[in-house]
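As structure tokens, the structure follows; a few thoughts come after it.
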Amino acid sequence: MMYSVVIPYFNHGLYLPELLHCLENQFRHIGEIIFVDDGSTTGDLYTRLKNYKGPVKSKIEYIHKINGGTHSALNLGIVRASHEHIAILNSDDLFDAYRLERCDDLLHDHQADLIFGKVTFIDTNGGAYPAPMRHEWYNIGLNAVSNYEFFPALLIQENIAVTTSNFTFKRSLFNTLGGFRPFRYANDLDFLIRATLNSPYHFDQEEVHTNYRLHDSNTISESADLTTHEVSCIARDLRSQFHEKGSSVYREYLKACEIRGLNV
Numbered sequence: 004m005m006y007s008v009v010i011p012y013f014n015h016g017l018y019l020p021e022l023l024h025c026l027e028n029q030f031r032h033i034g035e036i037i038f039v040d041d042g043s044t045t046g047d048l049y050t051r052l053k054n055y056k057g058p059v060k061s062k063i064e065y066i067h068k069i070n071g072g073t074h075s076a077l078n079l080g081i082v083r084a085s086h087e088h089i090a091i092l093n094s095d096d097l098f099d100a101y102r103l104e105r106c107d108d109l110l111h112d113h114q115a116d117l118i119f120g121k122v123t124f125i126d127t128n129g130g131a132y133p134a135p136m137r138h139e140w141y142n143i144g145l146n147a148v149s150n151y152e153f154f155p156a157l158l159i160q161e162n163i164a165v166t167t168s169n170f171t172f173k174r175s176l177f178n179t180l181g182g183f184r185p186f187r188y189a190n191d192l193d194f195l196i197r198a199t200l201n202s203p204y205h206f207d208q209e210e211v212h213t214n215y216r217l218h219d220s221n222t223i224s225e226s227a228d229l230t231t232h233e234v235s236c237i238a239r240d241l242r243s244q245f246h247e248k249g250s251s252v253y254r255e256y257l258k259a260c261e262i263r264g265l266n267v
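Heads up: the sequence shown begins at 4 in our numbering, then just goes up one per residue.
Shown next as structure tokens:
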């Protein structure tokens, strides 16, 4: 199975060598690598990719666009992709060493349209992130998986997928959902909830799929209040799915919103 790897890029030149190296290690599973430069101010990505001589050079496509946010870069890259199976990799993150090979097996075994797995947290230099308190919420979310009948409610409480870099999915799912919506901080959560409501999915609790990099310029670190506002909007959209307000899944939904402190 061959994948289109879509990489939304913005001013992450520091991490480019490490990113290309992780793709080289999964060369045989990659049909194409689409870099979407979302109006970077450094202006060096095109030249650096042109000068790159590694084994995935022939698979690289470069697209430049005016800055419009990650959701617009993702949508453009996926529309331009030529393979049915899409793997997203944000330009500051890394795939785990056997990510795409693992997804091959899971997509086949579970007949899923969307796969995501566990993540590890890395620092600017690619080492293990030294402060576990910063992602204690992630461990809480993992431990809560078995407590939820309604998976989207768990995601409202804790987005255990963490990042779009953890998403591998079929183009047909992307088309069904109409792509990523214009949320700055929670477009991953919005896409994931809509996907799990509409299509078969599999959460791989056995293996790490993605190395998520924590650094000073992470979008998610910009504003907790704005993130909460976007999650509240997504939760209100989800509320419209319920026709029986007394059901157990509705109670789970309300519980998750309360834990997260959302205004729904």
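Ideal Cβ placement from N, Cα and C applies to all residues, glycine included.
E104 sits in a helix when the DSSP states are folded into three classes.
For L103, the closest of R187, Y253, G182 and F170 by C-alpha to C-alpha distance is F170.
For A238, the uninterrupted alpha helix (DSSP H) segment begins and ends at A227 to R242. Separation of the CB atoms of I81 and G182 is rounded to 7 Å, and the pair is thereby assigned contact status at 8 Å. Note that the stretch 51-64 touches the stretch 19-31; at least 3 beta-carbon pairs, one per stretch, sit closer than 8 Å.
Leaving aside the five residues that flank T45 on each side, the residues in its chain whose CB is nearer than 8 Å to its CB run, in chain order, N14 and G16. Per DSSP, the beta-bridge partners of Y65 are F38. Inclusion of F172 and L229 in the CB contact set at 7 Å is not warranted, their separation being larger than that value. Per DSSP, Q114 lies in no beta strand (DSSP E) segment and is marked neither H nor E. In this structure A238 is buried. Its beta-carbon is surrounded by 16 or more other beta-carbon atoms within 10 angstroms. DSSP lists no bridge partner for Y132. Look at I163 here: in three-state DSSP terms it is coil, with no helix or strand label. Comparing alpha carbon positions, the residue from N190, A100 and G129 closest to H218 is G129. Taking 7 Å as the cut-off, the Cβ atoms of A189 and V234 count as close.
In its chain, beyond the 5 residues on either side, F183, P185 and N190 have a beta carbon closer than 6 Å to the beta carbon of H74.
Put simply, of P133, F153, A131 and L158 the residue whose alpha carbon is nearest the alpha carbon of I143 is L158. Beyond the five residues adjoining it in sequence on each side, Q244 comes within less than 8 Å, by CB distance, of L200 in the same chain, given in chain order.
Assignment of H24 by DSSP, reduced to helix, strand and coil, places it in the helix class. Beta-carbon to beta-carbon, N93 and T167 are separated by about 6 Å, close enough to satisfy the 8 Å threshold.
Sixteen is the threshold: since fewer than 16 other Cβ atoms of the shown chains lie within 10 Å of the Cβ of H246, the residue is exposed. Along the length of the stretch 149-216, whole alpha helix (DSSP H) runs at least 4 residues long occupy 154-160, 174-180 and 190-201, reported in chain order.
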